[in-house]
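Below is one structure; the comments refer to it alone.
Written out as structure tokens, the structure reads:
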């Protein structure tokens, strides 16, 4: 497995901390609204990474969090006239529905910030004791200048930072340096938690690093992932805290996926072009949605246009059609299920093992589609080879996480299908048309 490490800016051979095991953490959503399609790109990308490791025999521990404490959550709860807990529960369920609808594996652990508060407070207290953080008027800030490694992920130098660029909260004029970011925020609004410094809630940048520290031994993992927009300041500030407390950059490998554009424009609320994932899944279906998301390398921007989606629909239809046809044919012929061609599946996995080359993986799936179509059209059919190609195609799709469901015929449906084939063979077109209409009505063809 080779992965592009954004910490070193080069592709590297992956070496796990523990032999045969992989630990992955991917930053999850702030749950104040429905999931938009940009949120689902890392969900899909890192699901494929996880599945690839699992196919290669690794035991994967996959963690993705929920940020359920935030100013945006307070505002949204007020607008909807419900409590913050009711709001976050609502949108966590919506997020999980999207994960389920996209046939993505659920995380091994999915911690919430509100359920990790004791650990967050203890973590901040340790940073204060070590001199890396300080309290000011009930707030707690991190001393960025004390971490000599600061900027190692983003390449941004401390002296180049503008005041307030590294935090979400307002600068009250009490920070020692403008670059210092908030670990704890004193607040009288919304949900609050008791701490040694004030009633308040944690700063965004300290939440993920604490969850990693809480779940994984010594707060060290193999892979930390997320969108490119999190590289700075969020991930850089995670690393700073980990370097201060644990002496390392959390993960050996950092991975970042690029953003999604709509018709060559950045997707944003200000442009009014935000697309909710639930709506697009309903419109396109799981396989078309995921095929589109994987059609471009994860480190490249992804552009969604009507033409691109139409092209994706045609490619997915090719896969769906040949799987359906082969499935029906093998049932009619009474062919027992065969083994798949492991070398073909391995070839696709090799593409995925090369920094998730999903576009090549999809090309190899279409190559097998072409092969199966040719086998099906041959006059003297090799039924066992058809069965093997069919199983190979199903396995390739399963490894990536597509869901192509072959039609399983009942005894009556199988009898009808055979009558249609017999009528066609006898050139009894009137009868064939009648059977064909029945098969279409039943959704078989």
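In this note's numbering, the protein residues as written are 13 to 457. Don't be surprised by glycine CBs; every beta carbon is placed ideally from N, CA and C. A quick note: this is a predicted structure, and the numbers were derived from the prediction, not measured.
The C-beta separation of residue 385 from residue 345 comes to about 17 Å, leaving the pair out of contact by the 8 Å criterion.
In the DSSP assignment, residue 195 falls outside any alpha helix (DSSP H) and within the unbroken beta strand (DSSP E) covering 193–198.
Burial is judged here by how many other beta carbons sit within 10 angstroms of a residue's own beta carbon; residue 398 has at least 16 and is buried. In the DSSP assignment, residue 299 falls within the unbroken alpha helix (DSSP H) covering 298–306. By the criterion of at least three beta-carbon pairs nearer than 8 Å, the segment 278–290 is not in contact with the segment 327–342. When rounded, the separation of the alpha-carbon atoms in residue 405 and residue 219 is 42 Å.
As summarised for the segment 305–368, the continuous alpha helix (DSSP H) elements at least 4 residues long and confined to that stretch are 318–345, 354–364, given in chain order. Taking the C-beta atoms as reference points, residue 307 is found no nearer than 8 Å to residue 334. Collapsing the DSSP output to three states places residue 109 in a helix. Taking every protein chain shown into account, the CB of residue 186 has fewer than 16 other CB atoms within 10 angstroms, so this residue is exposed. About 39 Å separates the beta carbon of residue 136 from that of residue 68, a gap too long to meet the 8 Å contact definition. The Cβ atoms of residue 222 and residue 132 sit closer than 8 Å to each other. At least 8 Å separates the beta-carbon of residue 57 from that of residue 288. In the DSSP assignment, residue 207 forms no beta bridge with any residue. Cβ-Cβ separation between residue 377 and residue 388: approximately 16 Å, too far for a contact (criterion under 8 Å). Within the DSSP bridge table, the entry for residue 263 names 233 as partners. Under the criterion of beta carbons closer than 8 Å, residue 124 and residue 78 qualify as touching, at roughly 5 Å.
The DSSP-derived three-state label of residue 114 is coil. Within 10 angstroms of the beta-carbon of residue 275 lie fewer than 16 other beta-carbons, which makes it exposed.
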